[in-house]
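Chains as they are written, first to last, in the working numbering: chain V, 813 to 1083; chain Y, 272 to 513; chain A, 272 to 513. C-beta: ideal position from N, C-alpha, C; glycine also. Bear in mind the structure is a predicted one, so any value in this text is a computation, not a measurement.
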Amino acid sequence: MAKSKPTTPTTALEDFKPDDETSRDDYKVKLEAFEGPLDLLLYLIKKDEIDIYDIPIARITKQYLEYVQLLETLNIEVAGDFLVMAATLIYIKSKMLLPPDPKTAGEADLNEDPRAELIEQLLEYQKFKSAANMLYEKAHVEGACYTRGALATDKANPEVTATVVDLLRIFKDILDRAKAVQEMEIQREEMSMSEKLTQIRTLLAARKEINVREVFELAASKRELILTFLAFLELVKESYLILIQSQLFGEIIARAREHAAPILEELAVSE
Amino acid sequence: MSNHHPEEVETPTNKYAEIFARLAAEEKAEAESEISNLKSEMDAVETEPESSISNFKPDLDEVEITASLGELKPAIEAVLFVADEPVPFNQLCKILGDVNSADAYAAIVELMSDYEARNSGLELREIAGGWRISTRPQHHEFIRKYLKSKPSARLSLPALETLAVIAYKQPVTVPEVLEIRGVSSSSAIKTLLEKRLIVTKGRKETVGRPMLYGTSKEFLIQFGLRDLNELPSIEDFEELAS
Amino acid sequence: MSNHHPEEVETPTNKYAEIFARLAAEEKAEAESEISNLKSEMDAVETEPESSISNFKPDLDEVEITASLGELKPAIEAVLFVADEPVPFNQLCKILGDVNSADAYAAIVELMSDYEARNSGLELREIAGGWRISTRPQHHEFIRKYLKSKPSARLSLPALETLAVIAYKQPVTVPEVLEIRGVSSSSAIKTLLEKRLIVTKGRKETVGRPMLYGTSKEFLIQFGLRDLNELPSIEDFEELAS
């Protein structure tokens, strides 16, 4: 039986991604304490105890733009949403400064406050901001209630309740995995006999003596193991190296032959 | 309290219980023949195919045991003790056998007040459409000390805000969330999906057929809600806001 | 099954308002200082931390807590409830803080006789050098029935992987699933057939005429989908990733 805090399944599914986006960049996140343009506007309005239904648009626009500039001086990428709001504010400001053109504007436009839409958006947003607070409190209390974990029938292979999103994520992982395997196979195919010979020669040129096991461990596949074996045979046959085993079942050392050394160096240079 | 899509609350199992029953019968025969097909198709690598096949018993074979009236309370307590998720009332009744559901409900309520009355460290509550025993929040420090665990990571404010919008506006698309929050919410939505607090709820029949999102059962559990109706109405936040 | 009134149960919010207030106060200071740091970075004059931000605060470090005399029984009950193995008496005392071990022992014994006296479905016993709460053996039939009644969408990771491939690639043959997953999938397919999450979809007209598999109606029900179009696509989530 495994214990768990709320009844979340404790499996690999949980480990798909790190916790939340806040971990990315502390500094950035701090400045983004304003969730977005609406949040910033609400802050500016509350700070000066402004009546939300009668926003002094020029003053607010000025403060808003100052904040955006602050972000820019700190070399922080300003989210597009902030810039869109800046444009909206400037537009509203200009519209309020200019007397409405009676020729182009319809009757309804004459009476409409250019700020109306923004005010409505702010009021709507504010409700959800409060609701988020309520959710936070609920989660806080609920997080202090502990339940018993699942009766694990098979600890190595626990069963979980999955959602369609899990299915998609798993499917994507499988595709990624298949792609990785494929790429590995392609890499593997590229290793030819002559490349193997060059690999061993280069190692010998650098170190004069190498442990044969090391070279075998470089092989990524059975095919490459065989290739390595054949390459050693070839090099022994050509008297490029000798194989030395100091004791029965001991390590096998490949040593460059004395008289082969100059040739090896030449080879290494020419590459 | 207003109505927030009560139908979203039900688990798929409840929602489709009767459809399931019908389909179950249809698919049972099908599945059985498929299994034997597959069995012969596969090169019999498995060592113990007969045991796993015989484990596949339809629920109908169940020997019916019914809890006596006096047994109801302790039986419910025992079942809820081992349950790792809230047990819906209907499921509980089915487990208890051929019991009167009013009796079963009375037993639950009595059990709940027993826990209250005796100053227990545990509590019995209805949550996420089911009944659950959990520890009381005031003992969390001792439990954390025993489990050597830290409180679970909290949701970030953007994630909470996004969750609030989804909870109240569901089913809702990503652009709709953006419109209310005034800021891109994709990464918050991704976080919420990863934490299983929201789920996809089909597609919206508009251009591009975007995915719709809604809250999950896990949301109800983690936020201690019986169902979505228990959320205060969004209009209640209006006075708070101004 | 009859309809029961949700109003009969107290809302957790009311019930725990004061607990939350305490938890919140504990953590307030830190967050406030963080916010004022931020605010001073702007050339804003006043620092008036917003409620929603100041409520969002990091976790406090563990503080050593001792259970009060009245708290002993419920705290012990809560700890033993979450424990997955018998808890030795010494360990229990350590968790409870700076308590008198005679008091702790008395509380355990009292708790044990409480369980006896109230005809509980659970029992508290000393076993294998520790204390443990478990269900009483007479209820095992109901527990067994509960475990069997769990939804069939609970799957192991290999089965989930296989199901994901079949859902997105259907109709698909066993060798094709193997090729995509890179692992033999026969036993996972058998599990999925047993759970009726997949069905056969005829045969593929190639050498050997292998069986084709696809998802079932049961799959749609368990995953809360109206039809397969509601399955999220990879593109849907790439939008979120940006």
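State the start and end residues of the unbroken beta strand (DSSP E) segment that holds residue i.
| i | result |
| --- | --- |
| residue 1057 of chain V | 1053-1057 |
| residue 518 of chain Y | With chain Y covering 272 to 513 only, the question about residue 518 of chain Y has no answer from this structure. |
| residue 404 of chain Y | 401-406 |
| residue 1023 of chain V | 1021-1023 |
| residue 1068 of chain V | 1064-1068 |
| residue 398 of chain Y | 393-398 |
Mark residue i as exposed unless 16 or more other C-beta atoms lie within 10 angstroms of its C-beta, in which case mark it buried.
| i | result |
| --- | --- |
| residue 301 of chain A | In this prediction, residue 301 of chain A has a pLDDT of 46, which is less than 50 and means its spatial position is unreliable; what the coordinates show is noted afterwards. Label assigned to residue 301 of chain A: exposed. |
| residue 1005 of chain V | exposed |
| residue 518 of chain A | What the structure shows of chain A is the stretch from 272 to 513, and residue 518 of chain A is not part of that stretch, so it cannot be assessed. |
| residue 1066 of chain V | buried |
| residue 945 of chain V | buried |
| residue 886 of chain V | exposed |
| residue 894 of chain V | buried |
| residue 415 of chain Y | buried |
| residue 1059 of chain V | exposed |
| residue 459 of chain A | buried |
| residue 359 of chain Y | buried |
| residue 983 of chain V | buried |
| residue 875 of chain V | buried |
| residue 953 of chain V | buried |
| residue 865 of chain V | exposed |
| residue 362 of chain Y | buried |
| residue 993 of chain V | exposed |
| residue 487 of chain A | buried |
| residue 456 of chain A | buried |
| residue 380 of chain A | exposed |
| residue 872 of chain V | buried |
| residue 1021 of chain V | exposed |
| residue 816 of chain V | Residue placement at residue 816 of chain V is poorly supported in this model, since its pLDDT is 40, which falls under 50; the coordinates still yield a value, given next. It is buried - the Cβ of residue 816 of chain V has at least 16 other Cβ atoms within 10 Å. |
| residue 1057 of chain V | exposed |
| residue 503 of chain A | buried |
| residue 505 of chain Y | buried |
Starting from residue i, trace the alpha helix (DSSP H) both ways and give me its first and last residue.
| i | result |
| --- | --- |
| residue 1047 of chain V | 1034-1049 |
| residue 879 of chain V | 869-885 |
| residue 891 of chain V | Where residue 891 of chain V is concerned, there is no enclosing alpha helix (DSSP H), given that its DSSP letter is neither H nor E. |
| residue 386 of chain A | 372-388 |
| residue 428 of chain Y | 428-440 |
| residue 484 of chain Y | Element bounds for residue 484 of chain Y: not the alpha helix (DSSP H) but the beta strand (DSSP E), 482-486. |
| residue 451 of chain Y | 445-452 |
| residue 465 of chain Y | 457-465 |
| residue 415 of chain A | 411-419 |
| residue 945 of chain V | 928-954 |
| residue 478 of chain A | No alpha helix (DSSP H) holds residue 478 of chain A; DSSP gives it neither H nor E. |
| residue 364 of chain Y | 360-367 |
| residue 854 of chain V | 849-859 |
| residue 494 of chain Y | Unbroken run through residue 494 of chain Y: none, as it is neither H nor E. |
| residue 341 of chain Y | 340-353 |
If residue i sits next to residue j, beta carbons under 8 Å apart, how far is it from one beta carbon to the other, in whole angstroms?
| i | j | result |
| --- | --- | --- |
| residue 426 of chain Y | residue 434 of chain Y | 7 Å |
| residue 521 of chain A | residue 413 of chain Y | Residue 521 of chain A lies beyond the stretch modelled for chain A, which goes from 272 to 513, so this question has no answer here. |
| residue 347 of chain A | residue 378 of chain A | 6 Å |
| residue 1048 of chain V | residue 1055 of chain V | 6 Å |
| residue 232 of chain Y | residue 956 of chain V | Beyond the ends of chain Y as shown, which are 272 and 513, falls residue 232 of chain Y; an answer cannot be given. |
| residue 483 of chain A | residue 443 of chain A | 7 Å |
| residue 344 of chain A | residue 382 of chain A | 5 Å |
What I want to know is whether the C-beta of residue i ends up closer than 6 Å to one or more non-hydrogen atoms of the ligand NAP.
| i | result |
| --- | --- |
| residue 461 of chain A | Ligands displayed in this structure: none; no statement on the ligand NAP is therefore possible. |
Can you check whether the C-beta of residue i is within less than 7 Å of a C-beta belonging to chain B?
| i | result |
| --- | --- |
| residue 431 of chain Y | Although the question refers to chain B, the structure presented lacks it and instead comprises the protein chains V, Y and A. |
Inspect the CB distances between the segment 396-405 of chain Y and the segment 488-497 of chain Y and report whether three or more fall short of 8 Å. yes
Taking a Cβ distance cut-off of 7 Å, strictly less, list which residues of the segment 488-512 of chain A are near chain V, in chain order. Flagged, chain order: 494, 496, 502, 503, 505 and 508.
Three-pair Cβ contact test at 8 Å for the segment 926-934 of chain V versus the segment 895-908 of chain V: The segment 926-934 of chain V is in contact with the segment 895-908 of chain V.
Beta carbons nearer than 9 Å to chain V: which residues of the segment 445-463 of chain A have them? 450, 451, 452 and 453
Residues in the segment 356-372 of chain A having any Cβ partner in chain Y nearer than 9 Å: 358, 362, 363, 365, 366, 367 and 368
Say whether the segment 870-882 of chain V touches the segment 844-860 of chain V, bearing in mind that this needs 3 or more beta-carbon pairs closer than 8 Å, one atom from each stretch. yes
Can you pull out the residues from the segment 411-428 of chain A whose beta carbon lies closer than 7 Å to at least one beta carbon of chain Y? 412, 413, 414, 416, 417, 420 and 422
Using Cβ-Cβ distances below 9 Å, what residues of the segment 968-992 of chain V are close to chain A? 969, 970, 971, 972, 973, 974, 975, 976, 977, 978, 979, 980, 981, 982, 983, 984, 985, 986, 987, 989 and 990
Compile a chain-ordered list of the residues in the segment 893-905 of chain V whose CB is closer than 9 Å to at least one CB of chain Y. Answer set for the segment 893-905 of chain V: 893, 894, 896 and 897.
Any C-beta of chain V within less than 7 Å: which residues of the segment 467-482 of chain Y qualify? 467, 470 and 471
Contacting positions in the segment 374-387 of chain A - beta carbon closer than 9 Å to chain V: none
So if I threshold CB-CB distances at 9 Å, which residues from the segment 936-956 of chain V count as touching chain Y? 936, 937, 938, 939, 940, 941, 942, 943, 944, 945, 946, 947, 948, 950, 951, 952, 953, 954, 955 and 956
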